[in-house]
Amino acid sequence: MRLPSGLVVILPLGTLSFSPPGLDLYIDALATNPLATKVGTAGVLATIGDGIAQNSEEDKPYDAKRAVSFALFDAAYRGGFQHAAFPWIIDHCRGVVLQG
Numbered sequence: 098m099r100l101p102s103g104l105v106v107i108l109p110l111g112t113l114s115f116s117p118p119g120l121d122l123y124i125d126a127l128a129t130n131p132l133a134t135k136v137g138t139a140g141v142l143a144t145i146g147d148g149i150a151q152n153s154e155e156d157k158p159y160d161a162k163r164a165v166s167f168a169l170f171d172a173a174y175r176g177g178f179q180h181a182a183f184p185w186i187i188d189h190c191r192g193v194v195l196q197g
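Numbering (the working numbering), first residue to last: 98 to 197.
Encoded structure:
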């Protein structure tokens, strides 16, 4: 399956379409090796997010152990576990429990 390359943003005054550098490589990696790509992406985004959060905490040094713990957790849970869990949830949980 080939995913579309490029982002489309719908604005009140029209549509903006653009393709950031490297997006095609990322989409190809998702298509050819989705699990490793998702695990790596989750770890990188967690590290960046924690770095931003730690930077906002003035008067405290950067805590590398905290950053590694965020990266490992997100890589395992968001990248690995959710890779398998979401397709199962979508297939088995149709949202009809409350409909009786």
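Glycine included, C-beta positions come from ideal geometry on N, C-alpha and C.
The structure displayed is predicted, hence computed values, not measured ones.
Quick one: Cα of residue i to Cα of residue j, how far?
| i | j | result |
| --- | --- | --- |
| Lys157 | His189 | 46 Å |
| Gly140 | Ala172 | 5 Å |
| Asn152 | Phe170 | 20 Å |
| Asp160 | Arg191 | 42 Å |
| Gly119 | Leu142 | 16 Å |
| Lys162 | Val193 | 43 Å |
| Ile124 | Gly176 | 15 Å |
| Phe183 | Glu155 | 38 Å |
| Trp185 | Ile149 | 33 Å |
| Tyr174 | Ile187 | 17 Å |
| Thr129 | Ser166 | 28 Å |
Please tell me whether residue i and residue j are closer than 8 Å, where the distance is taken between their beta carbons.
| i | j | result |
| --- | --- | --- |
| Ala168 | Thr144 | yes |
| His180 | Pro117 | no |
Tell me whether residue i is buried or exposed, calling it buried when 16 or more other Cβ atoms sit within 10 Å of its Cβ.
| i | result |
| --- | --- |
| Asp147 | buried |
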